[in-house]
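In order, the protein sequence lines correspond to chains G and D.
Under the numbering used here, think of the first position of the first sequence as 3, with each following residue one higher.
Under the numbering used here, think of the first position of the second sequence as 19, with each following residue one higher.
Note that beta-carbon positions come from the ideal geometry of N, C-alpha and C, so glycine has one too.
A quick write-up on the structure given underneath.
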Amino acid sequence: MDGITLLTFFVLSVFVGFEVISKVSSTLHTPLMSGANAIHGIILVGAILVAGQAESVFILIVALLAVLMATVNLVGGFVVTDRMLEMFSGKKKPTPTTEGAAK
Amino acid sequence: MNLLSPTVTALAYLVAAVLFILALKGLSSPKSARRGNLLGALGALIGVTTVFLSTELDNIGWILGVIAVGAVLSVPASRMVQMTQMPQLVALFNGVGGGAAAVVALLELQHADTLGFLVAVAFTVFVGSVSFSGSIITFMKLQELMTTRPVTFPGQQFVMIALVLVVGLGSYFVIADASYTWAIALMALGLLGGVLVVLPVGGADVPIVISLLNALTGLAVAASGLVLGNTLLLVGGTLVGASGTILTREMAQAMGRSVTNTIFGAFKGGSTAGSTEASDRPVRSSSAEDIAILLGYANRVIIVPGYGLAVAQAQHTISELQQALEAKGIEVVYAMHPVAGRMPGHMNVLLAEASVPYELLVEMDQVNPQFKNADVALVVGANDVVNPAAKTTPGSPIYGMPILDVAEAQQVVFLKRSMRPGFAGIENELLFEQNTTLLFGDAKDSLTKVLGSVKSL
Chain G
3 MDGITLLTFF
13 VLSVFVGFEV
23 ISKVSSTLHT
33 PLMSGANAIH
43 GIILVGAILV
53 AGQAESVFIL
63 IVALLAVLMA
73 TVNLVGGFVV
83 TDRMLEMFSG
93 KKKPTPTTEG
103 AAK
Chain D
19 MNLLSPTVTA
29 LAYLVAAVLF
39 ILALKGLSSP
49 KSARRGNLLG
59 ALGALIGVTT
69 VFLSTELDNI
79 GWILGVIAVG
89 AVLSVPASRM
99 VQMTQMPQLV
109 ALFNGVGGGA
119 AAVVALLELQ
129 HADTLGFLVA
139 VAFTVFVGSV
149 SFSGSIITFM
159 KLQELMTTRP
169 VTFPGQQFVM
179 IALVLVVGLG
189 SYFVIADASY
199 TWAIALMALG
209 LLGGVLVVLP
219 VGGADVPIVI
229 SLLNALTGLA
239 VAASGLVLGN
249 TLLLVGGTLV
259 GASGTILTRE
269 MAQAMGRSVT
279 NTIFGAFKGG
289 STAGSTEASD
299 RPVRSSSAED
309 IAILLGYANR
319 VIIVPGYGLA
329 VAQAQHTISE
339 LQQALEAKGI
349 EVVYAMHPVA
359 GRMPGHMNVL
369 LAEASVPYEL
379 LVEMDQVNPQ
389 FKNADVALVV
399 GANDVVNPAA
409 KTTPGSPIYG
419 MPILDVAEAQ
429 QVVFLKRSMR
439 PGFAGIENEL
449 LFEQNTTLLF
459 GDAKDSLTKV
469 LGSVKSL
């Protein structure tokens with residue numbers, strides 16, 4: 003893809019990012035930060051591409067390290083955000099079984 | 019596998035990118051937040067599946083295996099972490115994301131040929147590394163593996179200036195020669211830079227820094243999207259970079275700080291360095307029974323929850339105390355400072371966990387005028403957010419931070435572990451006032467005793 007197209011994507015995304023977030027209550031700052039944090043875990047796609055095209059064992063190992071880090075960011079990020087938000091929606095009595103929900 | 023044509027692949031990435039936008043949109047309102055997060059996860063799933071189906075990849079077994087390991091590591095950690103330790107976990111996740119972006123860009127250096135791509139590689143390698151090491155330091159500060167006070171050393175400014183110069187030089191060689199040696203050097207400099215930038219930040223400002231590093235990781239991911247020519251990375255990363263920047267600014271405003279001051283404040287002579295010494299000035303401390311009487315015969319009580327409450331896991335006990343007081347016909351609300359806890363909104367999450375009704379959590383602007391009609395302000399494990407120094411002492415590190423006006427209440431009761439100052443390391447004059455009573459001890463123990471006495475009144 004040529005540079006100008008990518009630049010167009012970039013500039014438009016900046017504006018969308020600004021618009022989508024403006025005026026958020028401070029109550030939601032933490033989950034929002036955490037959710038945004040999970041989204042940049044999409045670097046996993048990049049890590050998979052690099053690992054899948056590795057030409058030497060050394061590059062493969064380094065790339066797999068990136069895959070590992072990106073997975074932790076992506077998966078952990080969404081799970082932890084969901085857990086925070088679970089607390090907001092739950093009007094029911096607290097049950098000490100949060101661990102049971104893992105898996 | 020080449021199952022998907024380039025057009026279908028591009029469409030799948032478009033769908034994933036739209037889902038990311040909907041996720042951020044959803045996360046900005048309480049009702050739709052959870053669905054928003056799930057939409058984001060769905061977008062990520064579509065993105066990752068698409069890359070497997072659309073590209074000829076080797077080592078698929080290894081890749082899938084490592085992804086499984088990553089998931090096995092992170093899911094239980096996320097599910098079982100104490101709610102109080104949430105901020106440092108987010109910082110850690112952010113750090114590894116930045117690290118992944120830096121590594122990806124470094125490995126792509128061999129394929130980068132045009133000037134634009136080389137610039138993007140240099141940017142990603144450096145910024146990703148800053149985000150990685152900076153996040154690790156914030157993690158250590160929040161986990162209290164190291165001091166929460168600003169760390170400065172003489173000549174820090176000069177080290178920073180030298181670092182900036184070497185980074186400029188390194189970027190030039192990466193861009194001009196596609197030099198691997200310099201790219202690795204840039205990575206090392208980024209790691210060092212992250213440490214140097216976060217060390218001087220005082221404990222109270224750490225949330226702003228996490229948010230800023232989050233935005234930086236977003237930008238690094240966006241730049242790696244440029245390097246790989248992948249639109250999903252570009253759009254996803256940019257969305258996080260842009261929204262993270264706005265979020266950082268809003269958080270800083272909620273705390274009465276400017277972002278530049280947060281990052282560079284301590285360089286200007288270490289003025290934000292507080293003290294962790296306990297003072298020996300006289301205070302009025304009291305017993306749980308006396309405090310129960312104070313509360314039990316009040317008409318209006320405002321509870322000010324702070325991080326100490328969270329550390330002691332006392333959110334359920336305070337919720338019981340609130341119900342016991344309400345049963346006596348006493349009006350109880352919670353005064354929520356925007357940065358109560360360790361991150362904005364953190365305390366709301368903790369109280370929601372204890373099933374405190376959302377309506378009882380009153381935000382600062384609404385609750386401040388109510389203090390003068392309150393009989394008792396019960397401050398549990400909070401300190402900096404009620405410290406009048408923020409209004410009265412221009413030299414104080416927290417000067418300008420909006421605070422809860424608890425001093426306006428008839429009586430102020432502090433439940434504190436000790437006389438040690440709060441996270442920001444500043445003494446609180448309010449503790450020595452005439453109408454202030456203190457009860458020392460672990461917040462949960464104190465609250466349990468007060469609760470017992472209230473019930474037997």
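C-beta contact flag for residue i and residue j at 8 Å
i: T432 of chain D; j: L456 of chain D; result: For clarity, residue 432 of chain D is Phe in the given sequence; the question names Thr instead. Yes.
i: V394 of chain D; j: Q340 of chain D; result: no
i: S149 of chain D; j: G116 of chain D; result: yes
i: I444 of chain D; j: I421 of chain D; result: no
i: I23 of chain G; j: L32 of chain D; result: no
i: A34 of chain D; j: G65 of chain D; result: yes
i: F60 of chain G; j: T249 of chain D; result: no
i: V82 of chain G; j: S96 of chain D; result: yes
i: M269 of chain D; j: P362 of chain D; result: yes
i: V18 of chain G; j: I264 of chain D; result: no
i: R318 of chain D; j: A392 of chain D; result: yes
i: V253 of chain D; j: S15 of chain G; result: yes
i: A306 of chain D; j: K462 of chain D; result: no
i: P259 of chain D; j: L237 of chain D; result: Before going further, note that residue 259 of chain D is Gly rather than Pro in the sequence given. Yes, these two residues count as a Cβ contact at 8 Å.
i: A374 of chain D; j: Y352 of chain D; result: It is worth fixing the name first, because residue 374 of chain D is Val in this sequence and not Ala. Result yes, Cβ atoms of V374 of chain D and Y352 of chain D sit closer than 8 Å.
i: M86 of chain G; j: S36 of chain G; result: yes
Three-way DSSP call (helix, strand, coil) for residue i in this model
i: V357 of chain D; result: coil
i: I264 of chain D; result: helix
i: E344 of chain D; result: helix
i: H364 of chain D; result: helix
i: L313 of chain D; result: helix
i: V397 of chain D; result: strand
i: T166 of chain D; result: coil
i: K159 of chain D; result: helix
i: Y325 of chain D; result: helix
i: T455 of chain D; result: strand
i: Y352 of chain D; result: strand
i: R97 of chain D; result: helix
i: S303 of chain D; result: strand
i: V26 of chain G; result: coil
i: I416 of chain D; result: coil
i: K49 of chain D; result: coil
i: A171 of chain D; result: Looking at the sequence shown, residue 171 of chain D is not Ala but Phe. In this structure, F171 of chain D counts as coil in the three-state DSSP scheme.
i: T249 of chain D; result: helix
i: V148 of chain D; result: helix
i: T294 of chain D; result: Unreliable placement is indicated for T294 of chain D, whose pLDDT of 46 sits below 50; the coordinate value is still reported in the next sentence. Coil at T294 of chain D, not helix or strand.
i: L433 of chain D; result: strand
i: R275 of chain D; result: coil
i: I444 of chain D; result: coil
Under 8 Å from the C-beta of residue i: neighbouring residues of chain G
i: A240 of chain D; result: F12, S15
i: V258 of chain D; result: G19, A38, N39, I41, H42
i: N248 of chain D; result: V47, G48, L51
i: G117 of chain D; result: A68, M71
i: L422 of chain D; result: Per Cβ cutoff of 8 Å: no residues; L422 of chain D is ~13 Å from chain G at best.
i: I228 of chain D; result: M35
i: E338 of chain D; result: Simply none; closest approach about 11 Å.
Contacts of residue i in chain C (Cβ-Cβ under 7 Å)
i: A95 of chain D; result: Here the protein chains are G and D, and chain C is not one of them.
Element boundaries [beta strand (DSSP E), containing residue i]
i: E426 of chain D; result: It is not in any beta strand (DSSP E) - E426 of chain D carries neither H nor E in the DSSP assignment.
Distance cut-off 7 Å: residue i Cβ against heavy atoms of the ligand ZN
i: A316 of chain D; result: Among the ligands in the structure shown, none appear at all, so the ligand ZN cannot be discussed.
Partner residues on chain G for residue i, Cβ-Cβ distance less than 9 Å
i: E268 of chain D; result: I23, S24, K25, V26, S28, H31
i: M104 of chain D; result: T32, S36, V82, R85, M86
i: G134 of chain D; result: G5, L8, L9
Chain-ordered neighbours of residue i on chain G, where CB pairs are closer than 7 Å
i: F157 of chain D; result: Under the 7 Å cutoff, chain G gives no residues; its nearest Cβ is about 13 Å from F157 of chain D.
i: F38 of chain D; result: I41
i: N366 of chain D; result: T29
i: P13 of chain D; result: Residue 13 of chain D lies beyond the stretch modelled for chain D, which goes from 19 to 475, so this question has no answer here.
i: L91 of chain D; result: V74
i: T235 of chain D; result: H42
Range of the contiguous alpha helix (DSSP H) that encloses residue i
i: V177 of chain D; result: 174–195
i: E377 of chain D; result: No alpha helix (DSSP H) holds E377 of chain D; DSSP gives it neither H nor E.
i: N2 of chain G; result: The structure shown does not extend to residue 2 of chain G, since chain G spans only 3 to 105, so no value can be given for it.
i: D463 of chain D; result: 461–473
i: V47 of chain G; result: 45–54
i: A201 of chain D; result: 198–216
i: E126 of chain D; result: 104–126
Check your understanding: What are the residues of the segment 40–61 of chain G that lie near chain D, defined by any Cβ-Cβ distance shorter than 9 Å?
Key -> Answer in chain order: A40, I41, H42, G43, I44, I45, L46, V47, G48, A49, I50, L51, V52, A53, G54, Q55, A56, E57, I61.
**Study point:** Residues, ordered as in the chain, of the segment 72–89 of chain D that lie near chain G by beta-carbon distance below 9 Å
**Key:** When CB distances to chain G are screened at a threshold of 9 Å, the residues of the segment 72–89 of chain D falling below it are T73, E74, L75, D76, N77, I78, W80, I81, G83, V84, I85, A86, V87, G88, A89, in chain order.
Check your understanding: Closer than 9 Å, Cβ to any Cβ of chain G: which residues of the segment 369–394 of chain D, in chain order?
Key -> Answer set for the segment 369–394 of chain D: L369, A370, E371, A372, S373, P375, Y376, L379, E381, M382.
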